[in-house]
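Position in the sequence shown (first residue = 1) + 373 = our numbering.
Idealized CB from N, CA, C, for every residue including glycine.
The structure displayed is predicted, hence computed values, not measured ones.
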Amino acid sequence: MAHQPRKPPEPRVPPASLDAASAVLVAQAMQALAAPSRLLILVRLRREPCSVTRLAADTGMEQSAISHQLRMLRHLGLVAATRDGRSTIYALYDDHVARLLDEAVYHGEHMRLGLREGAPRQDAAEATA
């Protein structure tokens, strides 16, 4: 995945505040992003909703593993399911999940490339030295 330029920042949002009970919920959601298999599922669902069969084919995972991970993601409020005849279609729960996922992926890409917001790129700094 190539690093994409960021969109201009949205109007300044005040920093989040958090109480102890909410911190538990946020930590659980963040833990869901800590497993590569769940990230693959979420990224695939970010493109479009689909069934377990399609998720398995697109991620290379077994259907039983997909179903297990989807149960956890549904429990944490990251994924929603709707019936379509005899099959169930899964999608990201809402736009907040999409933005959270995007930011996590962008951050991972920054870490992989050794970039920091507002900091010069390492190869550019070495070229001027």
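Residue i - containing alpha helix (DSSP H), residue span
| i | result |
| --- | --- |
| R456 | Where R456 is concerned, there is no enclosing alpha helix (DSSP H), although the beta strand (DSSP E) it sits in stretches over 452-457. |
| A477 | 468-486 |
| A407 | Neither: A407 is in no alpha helix (DSSP H) and is coded neither H nor E. |
| L443 | 436-448 |
Residues of its chain near residue i, where Cβ-Cβ distance is below 8 Å and the 5 sequence neighbours each way are ignored
| i | result |
| --- | --- |
| P409 | none |
| L413 | T432, M434 |
Backbone CA spacing between residue i and residue j [nearest angstrom]
| i | j | result |
| --- | --- | --- |
| L486 | V478 | 12 Å |
| C423 | A464 | 7 Å |
| D468 | R420 | 12 Å |
| L488 | A471 | 22 Å |
| D392 | R385 | 22 Å |
Closest residue to residue i among the options (Cα-Cα distance)
| i | options | result |
| --- | --- | --- |
| S460 | T432, R489, H469, R427 | R427 |
| A402 | M484, S440, L474 | L474 |
| L406 | L443, Q436, A389 | L443 |
Nonlocal neighbours in the same chain, by C-beta distance under 6 Å from residue i, ignoring five residues either side
| i | result |
| --- | --- |
| A454 | T461, Y463 |
| A500 | Only weak support is given to the placement of A500: the predicted model assigns it a pLDDT of 47, under 50, and the value that follows is read from those uncertain coordinates. Same-chain partners within the cutoff: there are none. |
Terminal residues of the beta strand (DSSP E) in which residue i lies
| i | result |
| --- | --- |
| A464 | 460-465 |
Sequence-distant residues of the same chain with beta carbon closer than 7 Å to residue i, five excluded per side
| i | result |
| --- | --- |
| G481 | none |
TODO: Would you be able to state if there are at least three C-beta pairs under 8 Å between the region 392-402 and the region 446-466?
DONE: The answer is yes - the region 392-402 touches the region 446-466, with three or more Cβ pairs under 8 Å.
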